[in-house]
Amino acid sequence: MAHPKMFDDDDPYLARVRQIASTFPGSAEKVSHGRPALYTTKVFAYYGGSLKVDGEWVQHPHSLVLLPDADDRQALLEDERVYAPAYLGPSGWIGVDLDDDTDWTEVTELLDASFRLTAPKRLVAELDSDG
């Protein structure tokens, strides 16, 4: 059974995430499990996430799920906007809720870290050579 679409193409936060992701070499987008997934050969971010709280699914539709540097993960999880998403959380991934107060420089840095941890070495080298 196909997953229902769980995002709105007119979402301004998604538009901003797409704009940032488009600056990474080899970046593409597909829909996975009903959500936008940004990837090269592996996914480096999902738009939207969820987690189970007391047996109930809690949706975070305006969030970015990504893989941070392991050294930064614990500090990030102490931020009230950050959560450990279902399924990916145990593998080190985090979700960051986006809103009108989002620090887009921080989001860019988090996307950059996740890209570097998942992309092929040649694409990371291309990113570094582009400055």
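According to my numbering, the sequence shown is numbered sequentially starting from 232. Note that the Cβ used here is the ideal one computed from N, Cα and C, for glycine as well.
Practice task
Kindly confirm or deny that the region 288 to 300 and the region 341 to 348 touch, where touching means at least three C-beta pairs closer than 8 Å.
Solution key: yes
Problem - Selected residue, minimal CA-CA separation from L341, among S281, Y318, Y277 - result: One-based indexing of the sequence shown puts residue 341 at position 110. The shortest C-alpha separation from L341 is found at Y277.
Exercise for the section: Quick one: grab the DSSP three-state call for A317. Expected result: Residue mapping note: residue 317 aligns to position 86 of the sequence shown, counting from 1. Three-state result, A317: coil.
Exercise for the section: Closer than 8 Å by C-beta to D328: which residues in its own chain qualify, once you throw out the five before and the five after it? Chain order, please. Expected result: Position 97 of the sequence shown, counted from the first residue, corresponds to residue 328. These residues qualify, in order along the chain: H291, H293, S294, R312, V313, Y314.
Practice task
Could you name the residues that DSSP lists as bridge partners for D328?
Solution key: Numbered from 1 along the sequence shown, position 97 holds the residue referred to as residue 328. Answer by DSSP bridge pairing, in chain order: S294.
Handout entry: Endpoints, the beta strand (DSSP E) within which A259 is located
Key = As a working mapping, residue 259 is identified with position 28 in the sequence shown. Run containing A259: 259 to 263, per the beta strand (DSSP E) assignment.
Exercise for the section: Please classify S360: does DSSP put it in a helix, a strand, or coil? Expected result: As a position in the sequence shown, residue 360 is number 129, starting the count at 1. Helix at S360.
Practice task
Drop a sphere of 10 angstroms on the beta-carbon of R266, count the other beta-carbons inside from all chains shown, and report buried for 16 or more, exposed for fewer.
Solution key: Here residue 266 corresponds to residue number 35 of the sequence shown, with the count starting at 1. The residue in question, R266, is buried, as its Cβ has 16 or more Cβ neighbours within 10 Å.
Exercise for the section: Take the Cβ of S281 as the centre, count every other Cβ of all protein chains shown within 10 Å, and call the residue buried at 16 or more, exposed below. Expected result: What you label residue 281 is simply residue 50 of the sequence shown in a count that begins at 1. The residue is buried, with at least 16 neighbouring Cβ atoms inside 10 Å.
Exercise for the section: Put A233 into one of helix, strand or coil per three-state DSSP. Expected result: The residue you call residue 233 lines up with position 2 of the sequence shown. In the structure shown, A233 sits in coil (DSSP, three-state: anything other than H, G, I, E or B).
Handout entry: Residues that Y244 bridges to, as DSSP identifies them
Key = Position 13 of the sequence shown, counting from 1, holds the residue named residue 244. Paired residue(s): none; Y244 is not in a bridge.
Exercise for the section: To the nearest angstrom, report how far apart S263 and R304 are at their CA atoms. Expected result: To locate residue 263, count along the sequence shown from 1; it is residue 32. To locate residue 304, count along the sequence shown from 1; it is residue 73. Those two C-alpha atoms are separated by around 24 Å.
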